[in-house]
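Colleague: Next up is a structure, given as structure tokens.
Residue numbers (this note's numbering): 16 to 114.
The structure is reproduced here in structure tokens:
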């Protein structure tokens with residue numbers, strides 16, 4: 016088993032082995048080798064899934080750290096200077112829309 020085998024390749028090979036086992040096309044002498052190869056592929060898939068899970072957790076942790084460093088939205092609103100006063104007959108100054 017090589018380290019450059021992708022998760023998809025490993026799954027496809029496992030499916031091929033499973034189909035062969037289900038159709039009884041595997042010779043008894045070849046059965047042990049196929050079962051061993053399946054075990055290797057399963058270990059590889061589990062490791063790739065664990066690595067992906069760890070990487071995703073790190074991304075979310077970094078996002079949470081970024082959120083902690085960002086000032087709260089309330090403080091930003093307080094620092095924003097007020098716009099021109101609005102007249103009751105014109106809800107938005109100079110015909111501008113709020114977006």
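C-beta atoms are modelled at their ideal positions from N, C-alpha and C, and glycine is treated no differently.
Are residue 35 and residue 60 touching if we call contact CB-CB under 7 Å?
Modeller: no
Colleague: For my contact list, residue 53 and residue 29 are in at a C-beta cut-off of 8 Å; report their separation, rounded to the angstrom.
Modeller: 6 Å
Colleague: Express the C-alpha separation of residue 75 and residue 68 in angstroms, rounding to a whole number.
Modeller: 11 Å
Colleague: Need the endpoints of the alpha helix (DSSP H) that residue 47 sits in, please.
Modeller: Its alpha helix (DSSP H) spans residues 43-84.
Colleague: Just verifying my parser: in three-state terms, what is the DSSP assignment at residue 38?
Modeller: Coil at residue 38, not helix or strand.
Colleague: What three-state label does DSSP hand residue 31 in the structure shown?
Modeller: helix
Colleague: Helix, strand or coil for residue 114? Go by DSSP, reduced to three states.
Modeller: Any reading at residue 114 needs caution, since the residue's pLDDT is 45, under 50, leaving its predicted position unreliable; the model's value is listed next. Looking at residue 114 - three-state DSSP - the assignment turns out to be coil, as it is neither helix nor strand.
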